[in-house]
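Scroll down for the structure; my scribbles are underneath it.
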Amino acid sequence: MSFKRTFLTLGLVFIIVMVAFAGACSSTTTTTTATVTKTAAAQTTTATATATATTTATATKTAAAETKTLTIAIVTPLTNFAVNVSMNFERAVIMAIDDQNAKGGVTIGGQNYNLAYIVRDDKFDTATAKSLAEEMVFNEKVPVIFGPSQNEGPALQPTTNENKVLMFCMSPIPEMCKPEYPYTFYLGGIQSQQYATVMEYITKFYPDAKKVVSFYGDLSDEPAQSAAAKQMCDYYDLEWSGMVKFPASTTDFAPYAQKLMAYDPDVIDLSGCGGALGSLEGTMVKQFREAGYTGIIDMPTVPPPGIMDTVPAEYMDKIVTNDININGSIVSAEYKSLVTRFQTQYNELPIDFFVQAYNGASAFFEFLDTQSTMDTEQWMQNFANYKWTGVFGEDAQWVGEPIFGINRALMTNFWTSEWKNGVLDTSYVNNLPTELWISK
Amino acid sequence: MTIGEIIQPFINGLLIGLNYILVALGLTVIFSIMSVLNFAHGEIYMIGAFLVYYLAGEYHVNYVLALLIAIVATGILGLILERFLFRPAKGDILTGVIVATGLIWFFQTGAQIIFGSQPSRIYPVVVGTWHIIDAVIAKDRVAAGAISLAFLAIVYYFIYRTKQGKAMQAVAQDREAAALQGIDINRISPLGFVIGCALAGAAGGIILPILYADPYMGSTVLSTSLSIIILGGVGSIPGAALGGLILGLVNSYGAQFAGYISSIFPFVIIIVVLLFKRTGLMGRKI
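If you're matching them up, the sequences are chains A and B in order. When we follow the working numbering, the leftmost residue of the first sequence carries the number 1, and every step to the right adds one. When we follow the working numbering, the leftmost residue of the second sequence carries the number 441, and every step to the right adds one.
What follows is the structure, encoded as structure tokens:
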């Protein structure tokens, strides 16, 4: 009997604790659930989310006799590793689609189309990604796939390329960026641009800093990252001492801090710690400082919002980053507006992938509205030459030919920030060496 | 090589090893009493970390109080799991594995829906470092090590010095013989599960200020815990302690001196140990 009584008492305590906890967490739970519901709905339907916008669209598109639906696929990890990054990617594409539908959809060759989307979760798994590419191309017959935001791109690319389906990834992985794969575009900027953005700043404001050591996770973009680091160190007359590599599953970076410090660096470079590893940059900075490192830390790849707020202020000096404070004096109105819209819609701040993905996705949908054919080969050729003003306030540029042999990577921002007195100061515009990445 | 380069990984390894021990001890207690390998043990660790994250990080509850609440909550969760999921599967290894695997999916997906997918950190409870000879030791690691040690001492006292603890040992040694001696197995099993899960929850909450919480953190911890109990000896409490310290030190020295490749060192050590002693360092034949 006493055991039963104990069991019931403990059960009661548990229920009380859980009810109290659920009450305390209610706001977060609501937000997250809403997101998942939206995603789930998107998985089973061809975007009904744009119904409201369609009314206006039909009115403005008087030339079109009947509005048809043009379905776009989004294939990216929505569970498993890197889900946060991918969710930002997914939201960027959906927001760009909604925005285009609000403007009346797209008119191609006189026919008006309302954009719809199918979302599929590739689970950060190459086999799943491959089968989803086949499903989208052969069953759904989509002309465009957005994704993946991570490194499963090579699993989809043969199917999309052979069937002339346009594909929009984030990071340009070297094995994908080849002239024989012209149907793939990259929206996240090239690694050497990310690196140059912080390197120019460091050489200007920390002229005594010379020795750089990089810290990389064992992800498939590591060779591209390290090559870019070496290239840009050479360009800026810095000494790249090499890299320390860690398993992506690492949670405790303190032991690696010692190995990094053995190089006696002036700069520890975290360019290979973005994307899926971006959330760990706060932990890295804290542990490097605790290990006694007082030099510069560069973070060309940006941690998610809020992560750096958990790092004690005394550890935040000499951190140079591509992260952006929207209140910075140089930040474009378009950027501010986009981030504010995201914040209003999702009740959280976006990561940098969101803006980069939106920058390319929204331009592509605007571009479609200028096309006269449904021939995706024409789309591929024309979009590579399409001009628009990007979210970052500059004319958008496709780059990459000197590196990959084909211009398919979208330049991102020219802004560099540094943490000063606990505040992210975004006030420096770089003079990036674009001649390195654009063929004359 | 400086003295600091020798001392620093030792202290780091020792302090993180104490946290490993807490998790592995929980897993081994559950296994030895229930003969259930709870593959969802890492998820209990994750829940402990997230409970502390929300209480201390989001709602500014005192960290120690948040940790205690997390321990109680994960302990009660263990009680519920034992009573409604694992007890019905008792004696059937395959069913136990299926239940545990299902729980992993349930907790990971649930955590992603409730807590979001982004790793979550709290502001450190203790900030600053101590300089010992050439080594720099983070105060929050020392604090985490001290709390882990305190919990280990309490668990050690409970298991080796109290009547209930001795009953647990008896059940672990021979379930039928213990029952014949008048020990109520149906009381000891939930007690083992409560202690095991509370230890995992405590470890998650203790490590949070140093590392972070995310819905998938349990997978890495489960892998480490399994390595520890295999190395130390399945079902052996002193073995779990020894295994945890060895793995903590191997990971720390390995990363510092060998870097990336060191992630295979624990498995090499386990293979070597098992070649010479198939029951692990301090295990007994099952």
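Backbone N, C-alpha and C fix where the C-beta goes; we use that ideal spot for every residue, glycine too.
- Of the other Cβ atoms in all chains shown, 16 or more fall within 10 Å of the Cβ of Q150(A); this residue is therefore buried.
- Inter-residue distance for L685(B) and A291(A) is about 21 Å (C-alpha atoms, whole angstroms).
- At a Cβ-Cβ threshold of 8 Å, A642(B) and A489(B) do not count as neighbours.
- When the Cα atoms are used, Y117(A) and S279(A) turn out to be separated by approximately 29 Å.
- The three-state reading of DSSP puts G444(B) in helix, counting H, G and I together.
- Below the 8 Å Cβ cutoff, chain A contributes V83, N84, M87 as neighbours of S557(B), in chain order.
- With fewer than 16 other Cβ atoms from the protein chains shown falling within 10 Å of its own Cβ, Y597(B) counts as exposed.
- Per DSSP, N112(A) is one residue of the beta strand (DSSP E) stretching across 111 to 121.
- Following the DSSP letters along the chain, one finds C233(A) inside the alpha helix (DSSP H) bounded by residues 222 to 235.
- The residue among R615(B), Q613(B), P559(B), G679(B) with its C-alpha nearest the C-alpha of L651(B) is P559(B).
- If the five residues before and after I509(B) are omitted, its C-beta is found closer than 7 Å to the C-beta atoms of L491, L495, all from its own chain and listed in chain order.
- Comparing alpha carbon positions, the residue from K717(B), T514(B), E498(B), H481(B) closest to V539(B) is H481(B).
- In terms of CA proximity to F392(A), V339(A) leads the group M374(A), Y386(A), P433(A), V339(A).
- Going by beta carbons, G683(B) and I668(B) fall inside the 8 Å limit.
- If you ignore the 5 residues before and after I330(A), its C-beta comes within less than 8 Å of the C-beta of W415, T426, S427, Y428, V429, all in its own chain and listed in chain order.
- Scanning its chain for C-beta atoms nearer than 8 Å, with the 5 sequence neighbours on each side dropped, one finds around Q287(A) the residues D252, F253, A254, A257, in chain order.
- Of all residues in the stretch 213 to 235 of chain A, only D218 place a beta-carbon less than 7 Å from a beta-carbon of chain B.
- With a threshold of 8 Å between beta carbons, P350(A) makes no contact with chain B.
- Not flagged as an interface residue toward chain B: E90(A), since no C-beta distance is shorter than 8 Å.
- CA-to-CA, the gap between D237(A) and T69(A) works out to about 53 Å.
- In the assembly as shown, D269(A) is a buried residue. Its beta-carbon has 16 or more other beta-carbons within 10 Å.
- Y428(A) is bridged by DSSP to T416(A).
- Judged by their CB atoms, L260(A) and V213(A) are nearer to each other than the 8 Å cut-off.
- Excluding five sequence positions before and after L455(B), the CB atoms of its chain that fall closer than 7 Å to its own CB belong to R581, V582, A584, G585, given in chain order.
- Under the three-state reduction of DSSP output, K178(A) falls in the coil class, being neither helix nor strand.
- Pairing C177(A) with G400(A) gives a Cβ-Cβ distance under 8 Å.
- Any Cβ of chain B closer than 8 Å to the Cβ of I319(A) would place that residue at the interface, and such an atom is absent.
- In terms of Cα proximity to Y263(A), the closest of G295(A), G274(A), G282(A) is G295(A).
- Contact between M380(A) and Q397(A) does not hold, since their C-beta atoms are separated by about 18 Å, which reaches or exceeds 8 Å.
- Under the Cβ criterion of 8 Å, E281(A) is not counted among the residues facing chain B.
- With 16 or more neighbouring CB atoms inside 10 Å of its own CB, E483(B) falls in the buried class.
- Under DSSP, E239(A) takes part in a beta bridge, and its partners are K211(A).
- Residue L465(B) holds the alpha-carbon nearest to the alpha-carbon of A638(B) among L465(B), I446(B), T602(B).
- The contact set of I307(A) on chain B, defined by CB atoms closer than 7 Å, consists of R561 in chain order.
- Using a Cβ-Cβ distance cut-off of 8 Å, the stretch 212 to 226 of chain A and the stretch 441 to 456 of chain B are not in contact, since fewer than three pairs of beta carbons, one from each stretch, lie closer than that value.
- A direct Cα-to-Cα measurement between A196(A) and A313(A) gives close to 26 Å.
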